[in-house]
Amino acid sequence: MSLMASYLLHGLWLPVSGLSLWIERVDGHKIVTPQAVPEGTFPSAVDALLANKSFRNRARVSLRTPKGKDVSLMAPMAMFAPDESVVALSQLSFLDDRSPAASAEQRAAIAPDLMWLIRAYRGLTRFVRAGRVTMRLSYQGGEWFPMWQLASGLGERGWLAEMISAAPGILTINNRSLSEDLADELTHWIAFADLKHLTEESRPYPWHDFAQALLTTTPIKRGKAQLLRGLNEWKDSITSVDLQLVLIVEEPPRNAALGDNPAADNTWRIRCGVRSGTASPRPVRLDELDRGSVEKLRDALTRALTIAPALNPARSLPPTGYYADAGDWDVFVSTDTLVDFISHGAEALRKAGFSVMLPKAWAQLETTAKVDTRSLDDAEGATKAHIGLEKLVEYDWRISVGDTELTEEEMTELVNSKSGLIKLRGDWVMADTQAVGRIAQYMKELQKSREKGDAGKREDGLGLSGTASMSELRELALESAGKDPIEFTGSTWHASLLGGMETPAPERVDIPDTVRAELRPYQRRGVDWLYWMSSNNIGAVLADDMGLGKTLQLLSLLAVERAEAKANAAPDELPEDYRVGPTLVVAPTSVVGNWAREADKFVPSLKVLVHHGTNRLKDDDLLTVANAADLVITSYGTIGRDFTLLGQVEWDRVVLDEAQAIKNSGTRSSKAVRSLPSRHRLALTGTPIENRLSEMRSILDFVNPGVLGSASFFRNHFAKAIEREDNEEMAEKLRQLTGPFILRRLKTDPNIIDDLPEKTEQILSVSLTSEQAALYKALVQDVERRLEETEGIARRGLVLATLTRIKQICNHPAHYLGDDSPVTIKGKHRSGKVAELMRIVSQAVENGERVLIFTQYKAFGAILQPYLSEQLGREVPFLHGGVTKARRDSMVTEFQHADGPPAMLLSLKAGGTGLNLTAANVVVHMDRWWNPAVENQATDRAFRIGQNKNVQVYKMITEGTLEESIQDILDGKTKLAGSVVGEGEGWITELDSEDFALLMSYRGKE
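Under our numbering, the sequence shown is numbered contiguously, ending at residue 1000.
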C-alpha cells in the first residue's frame, strides 16, 4: 500500500535558470514555503539544502489541477545556479536508493518530477565518468564559451529518448528543450564539477588557452569562427561513424523448425539494424529511438534503397508465425532475390559506405583449387624419363569450399553461379566470388591452350579435366601466385616443378675413375642433382657460393654421362657411336684458361677445345673439331662475334659460367647465348642476384625459357611486390617456384665445408691529406653551385660524374688530376689510402702473407703498380681488362706459385670473378663499389677451397667524406628522409640536391 504524503517537494529544470525546487501542500494543492512544512517531513539532508534558500524568487509555472484544468501561476522557488544545481542533485541522489538516511514517509514526500531529475543526474554522471562526452561552443552575452555536452552515440541517444519519454508532464510542459538542456547544460556542469580539481593542482607548465577556458567555463580569447567550424566538423565525423545502418543477411530457418510452413525454407531475412561505433547491431524499432536518430537512419535507408530496391520493407512480409523478433525495417526475400542482392546490391552498398554482413559461416569458407596431375603413360606418377617442361600430363581440377571438396556437379554449379551462393549438402554456403571467377578463368585458359591435338582430353564444358604440358601448368602456377594460389598434387616431381612442395632428392650416381679428384659430399650431391636435371631435360642453375667447386661438379657430370653412354653401348658399337654430344662452356675471358687447366687436371680423358683468341678455328674447321669434342670453352666476347657459326654445332649442352654476365637480356652476348640450340642448358653463378630479382629471372629464363613468364609479367607480378612492398608471401611463393631449378649452397654453412678458415672483414677509415682535402672541398663547392642549375638526366649525369671524381680524390690526387705526378713527395704520402695500403702490405710481407688489392679504376692501378713494385723490390702484376688471356693465365700461375709476388693488383671488373688466388689471404678494397655481392665475389678469389689461412678483408673509406656518409647510412647510423637505399650507387642519383649536398659535404679535420 503506497504512502500518502501531506507535502511534496517538486523540482523543475527551467531554461537558463537550471534547477528550481518548490513545495506543494497536498491538501488543497497549495504552493507553500519551507516555514509552513512541519519538521521531519523531508529528510534532514533536504532540510539542510532548503535552509540556505530564501524562496523569494518566483517563476511562472504551468500546472494542471486534479480536475484537469490547466493553470499558470507565479510560484515561490529555491533556484540553483547551474554549478549549484550539480551540488544540490548530488546531495539529493541518495533518495534514489533505499538509504537509512530517509524513512519511507520522507521518500514519499519527494515528488516524481524531482525524483526523475535525480535519476537523470545520476545517469548523466555515469556517462560523463565513462568519457561519453564531446565539446561544443556556446554563445552567451557576446562571448563564446567552450562547454562539454553528452555524446551523440546510439547508447546516449537511446537513454535520453527513454528518459524524456518517461518524464512527468510537468517537466516537459515547462521546458520544451528539456532534452537539449540535459544533454548540454547539466552534462557540462557535471563534467565541470568532476574536473575542477585539475585547475587547482600545480602544473609544470600552464594549460592551453582552450583547455583552460573549458575547465573553468570562461570565454575563449581567439580563433572563434575557425574553432566553431572545426569543432562542428569533428562532431559530425563522430556522429557519422557512431550511428550506422547495418544490413544483415540471415539464412532461412532449418527444416526441423518449419512445422507446417515449408515456404519459409525459401525465405531469407535481410535485417536492417542500427549500431553505435563497434557495438553489436540491434533491430531498428522506431519507438525506441530519439527523433534525431530516426531522421538520420531514415536518410540512410533512403540512400540504400536507391542502390538496392530489394531493401524496401513495404515489398515483403515475414512467413506467418515466424520472425516474431522482426525489426520495423526488416526485409524478407526469396532465394532468387537474395542472389541478385548479393551479386549486385551488396557490393554497391559497401562501396557507398554501408555495412553488409553475411552469415558468419560464409565468411569462414575459403574457396581453394588444386590441380591433380599424372603422367599419360604412368598412372603411378612420372618417372625420370617422363619429366620435363614439355611433357604432356593429364590433369583434374578439384575445388574446395572450406574443408569440403566438391563433386564435379557441385563444381559446375558453383562456377556457373553468379553470387557464389549454393546449397551444399543441406547447408547454404557462400564461396569467394572473386576466387571462383579467377579459378573459372584459369580453367578456360588451360582448356583453350590445349584445344588442338589433345587426344587424351575429356570434354566437360568447363575444362574440369584434360591434358596439358608441364610448361602450360607452370604458366598457370605463375599467374595464380599471390592471388589464389593453386595447389598442385600428383607426382612428387610434377608438384615440385609447379612450385607445390620441396624438391625431392635425386638418386646417387657413381663417379667414374676418369675423374681424378675426391669430391666432397656436397659436391657429390651437386653432381647427382645436375645429372637428374639433365636426364629430364630441365635447365638448371648451380648457384654454389664462390670457391665451392662448380667447375669440378660440371666436369664430373660430363664424365658420368660419358661413362654411362659407354656402359649402355652395344658390344659392336664404336666409340664415336656412343659418344655424347659436345658441351659448350661460355665464361669470362679471365677464366677461359682456368677451365682448360681444370679439365686437364680433373678429367684428362675429355676432348677439350678452347675457342678464343685471334688464332681460333674458323668455319668448317671449327664445326668439325667442335662436333668431335667433349668440351668447348669460349668467352662471352667471342660468342658475341661467332654465335652464327657456333649455332651450327649440335650442342648437347650450353653452360654459362659466371652467368650473371647475362643479367641484362639486351646485351649482344646475352642474345648470342640464347640463340644457340642445345638439348640442355646450365648456368653456373655464385651470385644469382647482385642487385635485382630481374637478374635471377634472366638467368632462369636462359636455362628454361618462359619458366618465370615474360620480363614485364615478372616485374609487375613478383619484383614490385617483393622489392618495393617487401611482400614476404610473394617472396616465399617465388622461392617455391624457383627452388626446383636452383641449387644454392654457401661456404659459410659448416655443413658444407667444415675445414674452410675464418674470414674477417674490417672497414678502415683513413684521413685525407691536406692536398686531398683542398681538392675535395673545391669540388664540392663547384658541384653544389652546378646542382642548382641542372635538372633531369643532366643532373643524374652530374651526380654520377661527381661520385667518380670524389672516389678519385679519395684514392690519390694524381688519380683525380691525371697529371702523372708521383705517389709521394719528398717521401711523404699524398694519399691517406695509399699510406694505409703500404702499412698493410708491409705487415703482410713480414708475416709471410700475400695480398690482393682491388680497385675499380685501371688508371689508379696503373699509378699503384710501379710504386708497389719499387717498394717491394719485385714486379707486382696488375690484372685488368686490357691484359691478354695468355698474360692473365701466366699472372695467375706465377702468383699461385710458392715463390710468387707478395701482392697482386686487380681491377674489380676483370679480376672479381672466376680466378683462384688462394696464395693470398689478405684482401684490400681500395675504393668501394657499395655492392656486397660484387665485393664478396672479389674477396672470394682468396676465400675458397684450397685456402688454408684465415682471410683478412679490408675495405677502405675516407673520414669526413661522401664515402664515410654512405657507410654510415648502410650501417644504420644515419638516415636520409624519403630515400630508398639500395645496393650499388643508383639510389644516390635519386636524392634531392639538399640531401646530396649533405651527403658529400666535407666534415674532416681542417
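All C-beta atoms in this analysis are idealised placements derived from N, C-alpha and C, irrespective of residue type, glycine included.
By the DSSP assignment, the alpha helix (DSSP H) with residue i in it spans what residues?
{"i": "Met690", "result": "687 to 697"}
{"i": "Leu332", "result": "329 to 334"}
{"i": "Asp613", "result": "613 to 622"}
{"i": "Trp183", "result": "181 to 194"}
{"i": "Asp107", "result": "106 to 123"}
{"i": "Ala1009", "result": "Because the chain in this structure spans residues -5 to 1000, residue 1009 falls outside the shown range and cannot be described."}
Distance check for residue j and residue i, CA to CA, integer angstroms please.
{"i": "Lys215", "j": "Asn51", "result": "34 angstroms"}
{"i": "Leu108", "j": "Ser337", "result": "56 angstroms"}
{"i": "Asp372", "j": "Ser394", "result": "Low per-residue confidence applies at Asp372: pLDDT is 46, beneath 50, and the placement is therefore not dependable, though the value from the model is reported in the following sentence. If I take the Cα positions, the gap works out to 27 angstroms."}
{"i": "Glu840", "j": "Phe696", "result": "48 angstroms"}
{"i": "Ser550", "j": "Gly543", "result": "11 angstroms"}
{"i": "Thr818", "j": "Trp523", "result": "56 angstroms"}
{"i": "Val80", "j": "Ala124", "result": "18 angstroms"}
{"i": "Ile656", "j": "Glu403", "result": "50 angstroms"}
{"i": "Pro565", "j": "Asp507", "result": "21 angstroms"}
{"i": "Ile716", "j": "Thr732", "result": "14 angstroms"}
{"i": "Leu992", "j": "Leu964", "result": "16 angstroms"}
{"i": "Tyr996", "j": "Asp989", "result": "14 angstroms"}
{"i": "Ser0", "j": "Val65", "result": "22 angstroms"}
{"i": "Ala250", "j": "Ala160", "result": "Reliability of the predicted coordinates at Ala250 is poor, the pLDDT of 40 falling under 50, and the value obtained from them is presented with this limitation in mind. Distance between the alpha carbons of Ala250 and Ala160: 43 angstroms."}
{"i": "Asp421", "j": "Arg738", "result": "49 angstroms"}
Out of the options, which has the shortest C-alpha to C-alpha gap to residue i?
{"i": "Ala537", "options": "Glu512, Ile683, Glu360", "result": "Ile683"}
{"i": "Ala102", "options": "Pro37, Thr401, Asn609", "result": "Pro37"}
{"i": "Asp615", "options": "Val918, Ser159, Glu592, Val643", "result": "Val643"}
{"i": "Thr849", "options": "Glu864, Ile819, Trp924, Val793", "result": "Trp924"}
{"i": "Ile167", "options": "Ala114, Lys190, Leu57", "result": "Leu57"}
{"i": "Val1011", "options": "Leu295, Arg468, Arg292", "result": "Given that the chain is displayed from residue -5 to residue 1000, the structure contains no residue 1011 and the question cannot be resolved."}
{"i": "Ile800", "options": "Met994, Gly396, Leu548", "result": "Met994"}
{"i": "Ala72", "options": "Gln890, Ala82, Met898", "result": "Ala82"}
{"i": "Gly520", "options": "Arg510, Asn531, Ile505", "result": "Ile505"}
{"i": "Arg673", "options": "Gln775, Ala622, Leu578", "result": "Leu578"}
{"i": "Arg126", "options": "Met832, Gly117, Tyr630", "result": "Gly117"}
{"i": "Ile834", "options": "Met424, Val649, Val886, Val917", "result": "Val917"}
{"i": "Ala557", "options": "Ala772, Val26, Leu600, Asn621", "result": "Leu600"}
{"i": "Glu388", "options": "Ser171, Leu440, Ala340", "result": "Leu440"}
{"i": "Ile633", "options": "His823, Asn745, Leu625, Ala581", "result": "Ala581"}
{"i": "Ala705", "options": "Asn658, Asp743, Arg718, Ala725", "result": "Asn658"}
{"i": "Leu611", "options": "Ala590, Asp636, Phe596, Glu592", "result": "Asp636"}
{"i": "Arg213", "options": "Ser132, Phe889, Glu194, Asn930", "result": "A quick correction: the sequence has Pro, not Arg, at residue 213. Among Ser132, Phe889, Glu194, Asn930, the Cα nearest to that of Pro213 belongs to Ser132."}
{"i": "Ala346", "options": "Asp426, Ile301, Pro275", "result": "Ile301"}
{"i": "Ala342", "options": "Met157, Gln946, Leu241, Ala69", "result": "Leu241"}
{"i": "Leu470", "options": "Pro500, Val503, Arg432", "result": "Arg432"}
Based on the DSSP output, what are the partners of residue i in its beta bridges?
{"i": "Val817", "result": "For Val817, which the question treats as bridged, DSSP gives no partner whatsoever."}
{"i": "Pro277", "result": "Gly267"}
{"i": "Leu900", "result": "Phe848, Leu873"}
{"i": "Ser394", "result": "Thr362, Glu399"}
{"i": "Val325", "result": "Ile264"}
{"i": "Ile416", "result": "Val423"}
Could you spell out the range, first to last residue, of the beta strand (DSSP E) harbouring residue i?
{"i": "Val350", "result": "349 to 351"}
{"i": "Tyr1", "result": "1 to 8"}
{"i": "Trp589", "result": "Per DSSP, Trp589 belongs to no beta strand (DSSP E); it is in the alpha helix (DSSP H), 583 to 596."}
{"i": "Phe707", "result": "Here Phe707 belongs to no beta strand (DSSP E); instead the alpha helix (DSSP H) covers 705 to 708."}
{"i": "Trp262", "result": "261 to 270"}
{"i": "Leu144", "result": "137 to 144"}
{"i": "Val423", "result": "421 to 424"}
{"i": "Val128", "result": "Note that residue 128 is Thr in the sequence shown here, rather than Val. Looking at the DSSP string, the run of the beta strand (DSSP E) that includes Thr128 is 127 to 134."}
{"i": "Lys949", "result": "945 to 952"}
{"i": "Glu244", "result": "237 to 244"}
Can you find a heavy atom of the ligand SAH that lies under 8 angstroms from the Cβ of residue i?
{"i": "Glu78", "result": "Ligands are entirely absent from the displayed structure, and the ligand SAH is therefore not among its contents."}
I'd like the ranges of any alpha helix (DSSP H) spanning at least 4 consecutive residues and lying wholly in the stretch 14 to 70.
For the stretch 14 to 70, whole alpha helix (DSSP H) runs of length 4 or above, ordered along the chain, are 38 to 45.
Any alpha helix (DSSP H) of 4 or more consecutive residues that is wholly inside the stretch 597 to 676:
For the stretch 597 to 676, whole alpha helix (DSSP H) runs of length 4 or above, ordered along the chain, are 613 to 622, 630 to 640, 662 to 669.
In chain order, which beta strand (DSSP E) runs of at least 3 residues are fully inside the stretch 751 to 805?
For the stretch 751 to 805, whole beta strand (DSSP E) runs of length 3 or above, ordered along the chain, are 753 to 760.
Enumerate, from N- to C-terminal direction, the unbroken beta strand (DSSP E) stretches of 3 or more residues contained entirely within the stretch 844 to 871.
As far as the stretch 844 to 871 is concerned, its whole beta strand (DSSP E) runs of at least 3 residues are 845 to 849.
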